[in-house]
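Chemist: Sending over a structure as structure tokens; questions will come in a sec.
Residue numbers (this note's numbering): 2 to 362.
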């Protein structure tokens, strides 16, 4: 009997151990499954130095040298439009006129009051010299004359507000009002722009921020229309943009032949000084993300995604050059950016073929 009891106990213990081992194996399998579920497949791109840069091609925008929206300064009936759509006007030219009949009447009245005040002042000064008028009486008429002059000046200022004058020479756009129309304060008459000279604005990365100076010649190219010209740098922002650590540059281009159109996108070729030439790593543009600390990308290290903040340089439509923050041979993650997070397990499913991501000389 005792022998049978011992045998039964042994069988029970063997079954229990086997069951516990099965449960433990099941838990490990579950953890392994969850670990595999967190792994994502991505494309990789091998970081390799690109060509040495002696010039950079940047995106630029053309704008009018001077541009203003001509607007009325007061309400009233528009009695005259002195120009036509698209006309060239000189500085000081009258563009539009608002009815000022009531103000002209007020001006006549104010001038009459001023004339009377002047006469009273002259008589009182004569009496004061003969000691027939007091100092207080003299001061009163002097003040009255000054007040009358101020009234005339005020009405003249209001009359000037009935006129829309060209502040500089330029070409008008399409007129937005008609003669006889009632306008309110701030009604737009037309756009006036000086397009005989144009401004081209572009951003130069921090690494090359001192490579140009006032007077530097840059090349402007409108590839859509197949035209190009030379522009001269005229203004450099004294500080870098905090968003992308670049310096805004503005150049001037002669456009007397009206070849270029304000508002166009152009390609700007900027010479880079010899002292700033450098081999850089060109990375596909889609690999980059920006936050309040600056641009960053993810590199693969030991099967994990690691965030790496970088200093960027020149940009092309398909790539961005990295000046600092990457090493030769780093594996850059270039796909699945919406899912990639710091520390997530990744698997390189395929490699992005190395193309000519660099900037042409």
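Cβ atoms here follow ideal geometry from the backbone N, Cα and C, with glycine treated the same way.
Computed from a predicted structure; not experimentally measured.
Tell me which residues share the same chain as residue 275 and place their Cβ nearer than 6 Å to its Cβ, disregarding the 5 neighbours each side in the sequence.
Modeler: As a working note, residue 275 is residue 274 in the chain shown. Any reading at residue 275 needs caution, since the residue's pLDDT is 45, under 50, leaving its predicted position unreliable; the model's value is listed next. Closer than 6 Å at Cβ, skipping near neighbours: no residue.
Chemist: Hey, quick one: how far does the beta strand (DSSP E) through residue 48 stretch, first residue to last?
Modeler: By one-based count along the chain shown, residue 48 stands at place 47. Counting along the chain, residue 48 falls outside any beta strand (DSSP E), and DSSP gives it neither H nor E.
Chemist: Report yes if the C-beta distance between residue 201 and residue 254 is below 7 Å; otherwise report no.
Modeler: If you number the chain shown from 1, residue 201 lands on position 200. If you number the chain shown from 1, residue 254 lands on position 253. Their beta carbons are under 7 Å apart, which means residue 201 touches residue 254 by this criterion.
Chemist: Could you pull the start and end residues of the alpha helix (DSSP H) that residue 124 belongs to?
Modeler: Here residue 124 is taken as the residue at index 123 of the chain shown, counted from 1. Per DSSP, residue 124 belongs to the alpha helix (DSSP H) from 102-130.
Chemist: Answer with buried or exposed for residue 43, where buried requires no fewer than 16 other C-beta atoms within 10 angstroms of its C-beta.
Modeler: Here residue 43 corresponds to residue number 42 of the chain shown, with the count starting at 1. Burial call: buried.
Chemist: Between which two residues does the alpha helix (DSSP H) holding residue 136 run?
Modeler: By one-based count along the chain shown, residue 136 stands at place 135. Unbroken alpha helix (DSSP H) run through residue 136: 136-161.
Chemist: Rank 228, 237 and 223 by C-alpha distance to the C-alpha of residue 203 and give the top, closest one.
Modeler: Taking the first residue of the chain shown as position 1, residue 203 is located at position 202. Cα-wise, what sits closest to residue 203 is 237.
Chemist: Looking only at its chain, what residues have a beta carbon closer than 7 Å to the beta carbon of residue 285, apart from the 5 residues adjacent to it on each side?
Modeler: Indexing the chain shown from 1 puts residue 285 at position 284. Taken in chain order, the residues that qualify are 46, 319, 320, 335, 353 and 358.
Chemist: Could you check whether residue 111 and residue 1 sit closer than 7 Å to each other, using their CB atoms as the reference points?
Modeler: Because the chain is modelled from 2 through 362, residue 1 falls outside the range shown and cannot be assessed.
Chemist: Quick check: residue 99 and residue 77, are their CB atoms within less than 7 Å of each other?
Modeler: Your numbering for residue 99 matches position 98 in the chain shown. Your numbering for residue 77 matches position 76 in the chain shown. Yes, Cβ-Cβ distance for residue 99 and residue 77 is below 7 Å.
Chemist: Taking one C-beta from the stretch 297-313 and one from the stretch 337-350 each time, how about it: are there three or more such pairs within less than 8 Å?
Modeler: With the cut-off at 8 Å, the stretch 297-313 and the stretch 337-350 touch.
Chemist: What is the rounded straight-line gap between the Cα of residue 130 and the Cα of residue 116?
Modeler: Here the question's residue 130 lines up with position 129 in the chain shown. Here the question's residue 116 lines up with position 115 in the chain shown. Residue 130 and residue 116: Cα-Cα distance of roughly 22 Å.
Chemist: Would you tell me roughly how many angstroms separate the C-alpha atoms of residue 106 and residue 250, rounded to the nearest one?
Modeler: Indexing the chain shown from 1 puts residue 106 at position 105. Indexing the chain shown from 1 puts residue 250 at position 249. One C-alpha to the other measures close to 53 Å.
Chemist: Quick one: is residue 240 buried, meaning 16 or more other Cβ sit within 10 Å of its Cβ, or exposed?
Modeler: The residue you call residue 240 lines up with position 239 of the chain shown. Label assigned to residue 240: exposed.
Chemist: Under a Cβ-count criterion, where at least 16 other Cβ atoms within 10 Å of its own Cβ denotes burial, should residue 333 be classed as buried or exposed?
Modeler: Counting from one through the chain shown, the residue named residue 333 turns up at place 332. That one is buried.
Chemist: Near residue 246, what residues of its chain come up, given a Cβ to Cβ distance below 8 Å and the 5 sequence neighbours on each side ignored?
Modeler: Translated into the one-based positions of the chain shown, residue 246 becomes position 245. Closer than 8 Å at Cβ, skipping near neighbours: 206, 207, 295, 312 and 313.
Chemist: State the Cα-Cα distance for the pair residue 339 and residue 193, rounded to the nearest angstrom.
Modeler: Translated into the one-based positions of the chain shown, residue 339 becomes position 338. Translated into the one-based positions of the chain shown, residue 193 becomes position 192. Whole-angstrom Cα-Cα distance: 46 Å.
Chemist: By Cβ distance below 7 Å, which residues in the same chain neighbour residue 351 in space, the five residues on each side in sequence not counted?
Modeler: Here residue 351 corresponds to residue number 350 of the chain shown, with the count starting at 1. Here the set comprises 44.
Chemist: In terms of alpha-carbon separation, which member of 126, 324 and 154 lies closest to residue 282?
Modeler: Here residue 282 corresponds to residue number 281 of the chain shown, with the count starting at 1. It is 324 whose Cα lies nearest to the Cα of residue 282.
Chemist: Let me know if residue 266 comes out buried or exposed under the rule of 16 or more other beta-carbons within 10 Å of its beta-carbon.
Modeler: Your numbering for residue 266 matches position 265 in the chain shown. It counts as exposed.
Chemist: Taking C-alpha atoms, which residue in 82, 174 and 142 lies nearest to residue 126?
Modeler: The sequence position of residue 126 within the chain shown is 125, counting from 1. Ranking the options by Cα distance to residue 126, first place goes to 142.
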